[in-house]
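Trainee:
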Ligand code: HEC
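Numbering (the numbering used here), first residue to last: 507 to 670.
1) For residue 665, which residues does DSSP report across the bridge?
2) Enumerate in chain order the residues of its own chain whose CB-to-CB distance from residue 626 is below 6 Å, with the five nearest sequence positions on each side excluded.
3) What is the rounded straight-line gap between the Cα of residue 547 and the Cα of residue 647?
4) Report whether the distance from the Cβ of residue 637 to the nearest heavy atom of ligand 1 is below 6 Å.
5) Along the chain, where does the alpha helix (DSSP H) that runs through residue 616 open and close?
6) Does the beta-carbon of residue 587, which I'm using as the reference point, lie nearer than 6 Å to any heavy atom of ligand 1?
7) Tell me the DSSP secondary structure of residue 597 in three-state form.
8) Between which residues of its own chain and residue 654 is the CB-CB distance below 6 Å, once the five residues before and five after are set aside?
9) Buried or exposed: which applies to residue 618, given that a residue is buried once 16 or more other Cβ atoms fall within 10 Å of its Cβ?
10) Going straight from the alpha carbon of residue 650 to that of residue 564, what length do you get?
11) Is it true that the region 629–648 meets the region 567–580, where meeting means three or more beta-carbon pairs spaced less than 8 Å apart?
12) I think residue 638 touches residue 581, with their Cβ atoms under 8 Å apart; what is that distance to the nearest whole Å?
13) Mapping the DSSP letters down to three states, classify residue 604 as helix, strand or coil.
14) Given a cut-off of 7 Å on the beta-carbon distance, is the pair residue 585 and residue 636 in contact?
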């Protein structure tokens with residue numbers, strides 16, 4: 507991971523230098539901020555999309571007649587995105603490395619637990635997708651709750667809670 511990360515940092519720094527040189531509006535501290543590995547924003551965008559999809563699922567479940575096709579599609583989207591989580595955490599990208607991220611160092615201290623937490627979301631979202639096809643609102647609601655537990659289970663251990 508470090509081998510792939512280092513060149514990327516160099517490229518980002520070079521780009522930042524070019525951008526600073528080309529734009530009169532570049533803030534003075536732009537180069538330092540731009541040195542952030544691109545994978546951090548990539549994983550945050552991925553989680554944001556997971557959050558939006560989960561919100562859509564819950565929104566449907568508040569209706570008398572939920573759109574189960576939509577729930578199944580959102581659950582599949584979460585499933586695809588959950589499978590990407592593991593690959594989004596190269597070493598040196600924790601909050602302790604000075605980046606704008608909520609990724610705790612625990613991710614790299616307990617890699618097997620983190621991997622298991624990601625796999626749990628893969629499994630629970632797959633279950634939600636297949637249950638949605640059967641159209642039983644109570645069962646789908648219960649599985650959505652269980653899947654939400656997979657989010658919380660990982661966040662409690664591996665995501666910085668900046669509200670504390
Ligand atoms: C395997 C661990 C794990 C699982 C499972 C997980 N998350 Fe996260 N989540 C994280 C980490 C770590 C961050 C912080 C990422 C960062 O800031 O670089 C995060 C960040 C987020 C964010 C903020 C993204 C942003 O804009 O910075 C949202 C929203 C989110 N998660 C929603 C969810 C939802 C909803 C689920 C379940 C459907 C879920 N997460 C499951 C670990 C996880």
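Beta carbons: idealized from backbone N, C-alpha and C, even for Gly.
Mentor: On the basis of the data shown:
1) Counted from its first residue, the chain shown places residue 665 at position 159. For residue 665, the pairing in a beta bridge is given by DSSP as 609.
2) As a working mapping, residue 626 is identified with position 120 in the chain shown. Once the five neighbours on either side are set aside, the close Cβ partners of residue 626 are 656.
3) Mapped onto the chain shown, residue 547 falls at position 41. Mapped onto the chain shown, residue 647 falls at position 141. Approximately 31 Å between the Cα atoms of the pair.
4) Residue mapping note: residue 637 aligns to position 131 of the chain shown, counting from 1. The answer is no for residue 637.
5) Looking up residue 616 in the chain shown gives position 110. Counting along the chain, residue 616 falls outside any alpha helix (DSSP H), and DSSP gives it neither H nor E.
6) Within the chain shown, numbered from 1, the residue matching residue 587 stands at position 81. Residue 587: no, Cβ never under 6 Å from ligand 1.
7) As a working mapping, residue 597 is identified with position 91 in the chain shown. Here residue 597 sits in coil by DSSP.
8) Counting from 1 along the chain shown, the entry for residue 654 is found at position 148. Excluding residues within five positions, none has a Cβ falling inside 6 Å.
9) As a working mapping, residue 618 is identified with position 112 in the chain shown. With fewer than 16 other beta carbons inside 10 angstroms of its own, residue 618 counts as exposed.
10) Counting from one through the chain shown, the residue named residue 650 turns up at place 144. Counting from one through the chain shown, the residue named residue 564 turns up at place 58. In this structure, the alpha-carbon of residue 650 lies about 8 Å from that of residue 564.
11) In this structure the region 629–648 touches the region 567–580; the number of beta carbon pairs closer than 8 Å is three or more.
12) Your numbering for residue 638 matches position 132 in the chain shown. Your numbering for residue 581 matches position 75 in the chain shown. That pair is a contact at about 6 Å.
13) Within the chain shown, numbered from 1, the residue matching residue 604 stands at position 98. The answer is coil: DSSP assigns residue 604 none of H, G, I, E or B.
14) In the chain shown, residue 585 corresponds to position 79, counting from 1. In the chain shown, residue 636 corresponds to position 130, counting from 1. When the beta-carbon positions are compared, residue 585 and residue 636 stay at least 7 Å from each other.
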